[in-house]
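Chemist: Listed in order, the protein sequences are those of chains A and B. Per the numbering used here, numbering through the first sequence is continuous, rising by one, with the last residue being 367. Per the numbering used here, numbering through the second sequence is continuous, rising by one, with the last residue being 760. Just so it is clear, CB atoms sit at the ideal spot from N, CA and C, and this is done for glycine as well.
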Amino acid sequence: MKLTVSRQALLGALQAVIGVVERRQTMPILANILMQAKDDRLAMTATDIEVELQSGCEAQIGMAGDITVPGRKLFDIVKALPEGAELKLALKGERLSVQSGRSRFSLSTLPAAEFPVIDDIEATQTHELPVDVVHRLLDKTYFAMAQQDVRYYLNGMLMETDGGVIRAVATDGHRLALCQAELGDKNLPSEQVIVPRKGVLELQRMLGDQGSLTVSMGKNHIRIHSGDIRFTSKLIDGRFPDYQRVIPAETGNYMVADRDTLRRALQRAAILSNEKYRGIRLEIRDSGAKIMAHNPEQEEAEEQVEVEYSGEDIEIGFNVTYLLDAIGAVDNESVRISLNDANSSCVITVPDIDQSDAKYVVMPMRL
Amino acid sequence: MTDERAILHVDMDAFYASVEQRDDPELAGQPVLVGGKGQRGVVAAASYEAREFGVRSAMPMREALKRCPKAVCVNPRLDHYRDVSQQVFEVFRSITPEVEGLSLDEAFLDVTASIGLFGDPVSIARRIRADIREATQLTASVGVASNKLVAKIASDLDKPDGLVHVAHGDEAETLAPLSVRALPGIGPRKRAELASAAIHTIGDLQSADADTLRRLFGRYADRVRNRAHGIDDRPVIAVRDDKSISAERTFSEDLKQRSEMCEALAALADRTATRLRNKRLLAGVIQVKIRQSDFRTFTRQCRVMPATDSTEQLYQSALRLLDEWRAEHPDQPLRLLGVGGSRLVSDQQPDLFAAAEPAGDKQVDRTVDAVRERFAELGTAALQSARTLKRDD
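1. With DSSP as the reference, please indicate the residues paired to residue 65/A in a beta bridge.
2. Along the segment 143–176 of chain A, what residues have a CB closer than 8 angstroms to any CB found in chain B?
3. Which of helix, strand or coil does DSSP assign to residue 19/A?
4. With a cut-off of 8 angstroms, does the C-beta of residue 464/B fall near any C-beta of chain A?
5. State the beta-bridge partners of residue 290/A as determined by DSSP.
6. Would residue 76/A and residue 34/A qualify as a contact pair, given that the criterion is a beta-carbon distance under 8 angstroms?
7. Tell me whether the beta-carbon of residue 410/B lies closer than 8 angstroms to the beta-carbon of residue 402/B.
8. Could you tell me which chain A residues have their CB closer than 7 angstroms to the CB of residue 713/B, listed as they occur along the chain?
9. Is the segment 239–252 of chain A touching the segment 270–288 of chain A in the sense that three or more CB pairs, one from each, lie closer than 8 angstroms?
10. Going by the DSSP bridge assignment, what does residue 338/A pair with across the sheet?
11. To the nearest angstrom, how far is it from the Cα of residue 200/A to the Cα of residue 231/A?
12. If you measure from the beta carbon of residue 671/B to each beta carbon in chain A, is any gap under 8 angstroms?
13. Can you pull out the residues from the segment 571–587 of chain B whose beta carbon lies closer than 7 angstroms to at least one beta carbon of chain A?
14. Mind pulling the chain B residues with CB within less than 7 angstroms of residue 365/A?
15. Quick one: what does DSSP say residue 630/B is sitting in, helix, strand or coil?
16. Can you name the residues of chain B whose CB is closer than 8 angstroms to the CB of residue 345/A?
17. Within the same chain, show all residues whose beta-carbon is closer than 7 angstroms to that of residue 500/B, passing over the 5 residues directly before and after it, in chain order.
18. May I have a chain-ordered list of the alpha helix (DSSP H) segments no shorter than 4 residues that lie completely inside the segment 544–568 of chain B?
19. Between the beta-carbon of residue 613/B and the beta-carbon of residue 707/B, is there less than 8 angstroms?
20. Give me, in chain order, the residues of the same chain whose beta-carbon lies closer than 7 angstroms to that of residue 359/A; leave out the 5 immediate sequence neighbours on both sides.
21. Does any C-beta atom of chain B lie closer than 8 angstroms to the C-beta of residue 361/A?
22. Give me the DSSP bridge partner(s) of residue 477/B.
23. Going along the chain, which residues of the segment 311–337 of chain A sit with their C-beta nearer than 7 angstroms to a C-beta in chain B?
24. Using only the alpha-carbon positions, how far apart do residue 240/A and residue 159/A sit?
25. Let me make sure I understand the geometry here. Which of 634/B, 674/B, 660/B has the alpha-carbon closest to that of residue 653/B?
26. For the alpha helix (DSSP H) that residue 356/A lies in, which residues bound it at each end?
27. Rounding to the nearest angstrom, what Cα-Cα distance links residue 722/B and residue 215/A in this structure?
28. Is residue 388/B buried or exposed, if buried means 16 or more other CB atoms sit within 10 Å of its CB?
29. Skipping 5 residues on each side, what residues in its chain have a beta carbon closer than 7 angstroms to that of residue 394/A?
30. Quick one, which of 647/B, 732/B, 381/B, 719/B has its alpha-carbon nearest residue 711/B's?
31. In the DSSP assignment, what are the bridge partners of residue 225/A?
32. Tell me where the alpha helix (DSSP H) around residue 690/B begins and ends.
33. How is residue 642/B classed by DSSP in three states: helix, strand or coil?
34. At a CB distance below 8 angstroms, what residues from the segment 234–255 of chain A approach chain B? Give them in sequence order.
35. Where residue 724/B and residue 748/B are concerned, what is the direct C-alpha to C-alpha distance, given to the nearest angstrom?
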């Protein structure tokens, strides 16, 4: 293998994949990046077995070839070279020589054949989707994913297609976030997959805001092509709980408040809530809402917020973090909280619930 | 998980025997066996002088005396050892609250947060050894590493009175030349199986291909591969005594069969879970307490997410911990078992899916609680899981 490539192009390609190179890897080769030089293009692949990222850049290929080199080291070298630099890469025996100006490096290698690439995911369906739509689905729901939950199928995000709708759902068992998008005239088959948490976070990092991407679904993998980047993730093999069942039916009992006012009041009250349970008490009457918090030191916070509310008086407790996450994700000047009673979950949306593409369900705390 | 941790495994050298040698200068330098002298006595601890004759703890006393006839036999003084152990644990807690005791003479310490205060992990280890010596005139061996597994293996590499540091990044290399027996959970039977696959050292395990591992270890193959590479992300679980709920039972006759242990564990899990539910608490850590017939006592714990008050889950976790311990200590009769829950959280935050997920378990727990409330004078005997009943009951 022998090639010439600009620092800028190589750095861009490395940056796109370096996130999945593991620092503590079980197999030494997972610390490496697979480089494949062919047809004026240098492809770079990194994997942690669960998530694989592939990127590439233009290069002048003197001799085609495949090899793997330590990913972090190559990345650090390329990053530290001066802007505008050009690199000559050549495989000499079992070493990869990297030369740029007066700098020379010789990197260890491992054979490309040992690198675990997910070649064919045996896709059963492929769709083209707008990047901004997918990005929004992730941004509006990722925070509700569970972390290291024994219910392993919650440590990820449910992606669901159904006719003209694509939907993302995440839940840690205490709250649930759902966001969906209409895809116009598309008619997609009903399909559910669970993308692991790490895959979701990498995907969020990689997606831009423009253009379109291609999603392919296999039995065990999801693959997304976006621009120059190919993302592949194993799917969580499990059944996501029936989330529809925990979204309460509309009762007509709801309050509407200015989003920022409510958010700031909650943030202030949170300071004196119990650090561990983060509980706050919400008293809602037609005259307004009162937020109260106290901690084991008996310090207290009380906030009054103007709200529109015409239902019965209600007193209900919540983990303030869950409320803040949900209210923060509603992009509207006002926010609506639909309630039933002190023991039932609430639904947070924009005021016009029919216009709402995102829904947040939060389970109350017992006070 | 890029955060590097600093974990210490501190193991007192021949603890009981060393305490006896310290207290009675005439025993210094002599082969000393601590344990009952009767026909059924076993060795609870052997001094290093006795170990040279091939004596090991848990060996029948008769066998030990055959190998080392000159040995001095001493009756165990458990209360005394407990007092000395407390001095040792005070040294640990002067460095960090993150102390996970495994028995009177052995603990894991997570000193990651103490580095700013006391210097690098190796300096901390030196300090602990010096402080223990000053407080008790006893020696301890310490392993310093980035995780529990490697720290524990390291503390054994230069025993007694040793200090071994395995730098982060060197784990796999350090483990490679060691026999597979150094890995916890690989008993004699598994070792024979491995030997027939030409796997003798941990290095052999590291380079074994995925299919071989799967054939040998089934669904644990990934974990074994990780362990062989010295990778272990189990947290150090500090158990704070004041905030735990537990139940334990001493048996009139030592338990030898796993089935008997299961019965006992099920009853204990039931008692603990019932207490949790009565106090409206959920346990985030489940622990078992295990006492051998020679009175050596161990605790093992694991985290559970989400926290639980379910009888079934307490039982399953406790059983798994006991099975893991038994893999390290095969064929040990048990005098006492305990099941406890700690890291208690209030059950204030109900789960969205709680009604659905382990619905059966929850329903059973509720029904059992209701029946017992009604027949309160009978206690847990009012209604018991068949699992806790002996066949002839």
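Modeler: Here's the rundown:
1. As a working mapping, residue 65/A is identified with position 65 in the first sequence. The partner list for residue 65/A (beta bridge, DSSP) reads 37/A.
2. 148, 149, 150, 151, 171, 173, 174, 175, 176
3. Position 19 of the first sequence, counted from the start, is the residue given in the question as residue 19/A. It is helical.
4. Looking up residue 464/B in the second sequence gives position 97. With 8 angstroms as the cut-off, residue 464/B does not count as an interface residue toward chain A.
5. As a working note, residue 290/A is residue 290 in the first sequence. Partner(s): 283/A, 304/A.
6. The residue you call residue 76/A lines up with position 76 of the first sequence. The residue you call residue 34/A lines up with position 34 of the first sequence. No, these two residues do not count as a Cβ contact at 8 angstroms.
7. For the purposes of this step, residue 410/B is taken as the residue at position 43 of the second sequence. For the purposes of this step, residue 402/B is taken as the residue at position 35 of the second sequence. The answer is yes: Cβ separation under 8 angstroms.
8. Here residue 713/B refers to the residue found at position 346 when the second sequence is read from its first residue. Result: 277.
9. no
10. Reading the first sequence from its first residue, position 338 is the one you call residue 338/A. Residue 338/A pairs with 254/A, 347/A.
11. As a working note, residue 200/A is residue 200 in the first sequence. As a working note, residue 231/A is residue 231 in the first sequence. Distance between the alpha carbons of residue 200/A and residue 231/A: 10 angstroms.
12. For this step, residue 671/B is matched to residue 304 along the second sequence. Chain A, which has a Cβ nearer than 8 angstroms to the Cβ of residue 671/B, makes this yes.
13. none
14. Here residue 365/A is taken as the residue at index 365 of the first sequence, counted from 1. Per Cβ cutoff of 7 angstroms: 715, 716.
15. Taking the second sequence and counting its residues from 1, one reaches residue 630/B at position 263. Helix at residue 630/B.
16. Taking the first residue of the first sequence as position 1, residue 345/A is located at position 345. 719, listed in chain order.
17. Working through the second sequence from its first residue, we reach residue 500/B at position 133. Only 506 meet the Cβ criterion.
18. 555–563
19. Working through the second sequence from its first residue, we reach residue 613/B at position 246. Working through the second sequence from its first residue, we reach residue 707/B at position 340. Yes, these two residues count as a Cβ contact at 8 angstroms.
20. For this step, residue 359/A is matched to residue 359 along the first sequence. Contacts found: 178, 247, 347, 349.
21. On the first sequence, position 361 is the one that residue 361/A refers to. True, the Cβ-Cβ gap to chain B drops below 8 angstroms.
22. Residue 477/B sits at position 110 when you count from the first residue of the second sequence. Answer is 374/B.
23. 319
24. Taking the first sequence and counting its residues from 1, one reaches residue 240/A at position 240. Taking the first sequence and counting its residues from 1, one reaches residue 159/A at position 159. Approximately 10 angstroms, taken between the alpha carbons.
25. Stepping through the second sequence from its first residue, residue 653/B is reached at position 286. Comparing Cα-Cα distances from residue 653/B to each of 634/B, 674/B, 660/B, the minimum goes to 674/B.
26. Taking the first sequence and counting its residues from 1, one reaches residue 356/A at position 356. Looking at the DSSP string, residue 356/A is not in any alpha helix (DSSP H), and its letter there is neither H nor E.
27. Translated into positions along the second sequence, residue 722/B becomes position 355. Translated into positions along the first sequence, residue 215/A becomes position 215. With a pLDDT of 48 at residue 722/B, under the threshold of 50, the modelled position of this residue cannot be trusted, and the question is left open.
28. Within the second sequence, numbered from 1, the residue matching residue 388/B stands at position 21. Residue 388/B is buried by the Cβ-count criterion.
29. Residue 394/A lies beyond the stretch modelled for chain A, which goes from 1 to 367, so this question has no answer here.
30. To locate residue 711/B, count along the second sequence from 1; it is residue 344. Of 647/B, 732/B, 381/B, 719/B, the residue nearest in Cα terms is 647/B.
31. Numbered from 1 along the first sequence, position 225 holds the residue referred to as residue 225/A. DSSP lists 214/A, 230/A as partners of residue 225/A.
32. Translated into positions along the second sequence, residue 690/B becomes position 323. Taken as a continuous stretch (DSSP letters only), the alpha helix (DSSP H) holding residue 690/B covers 678–695.
33. Locating residue 642/B in the second sequence gives position 275, counting from the first residue. Correct three-state label for residue 642/B: helix.
34. 241, 242, 245, 246
35. On the second sequence, position 357 is the one that residue 724/B refers to. On the second sequence, position 381 is the one that residue 748/B refers to. Its pLDDT being 46, under 50, residue 724/B is placed unreliably by the model, and the measurement read from it follows with that caveat. Going by the C-alpha atoms only, they are around 28 angstroms apart.
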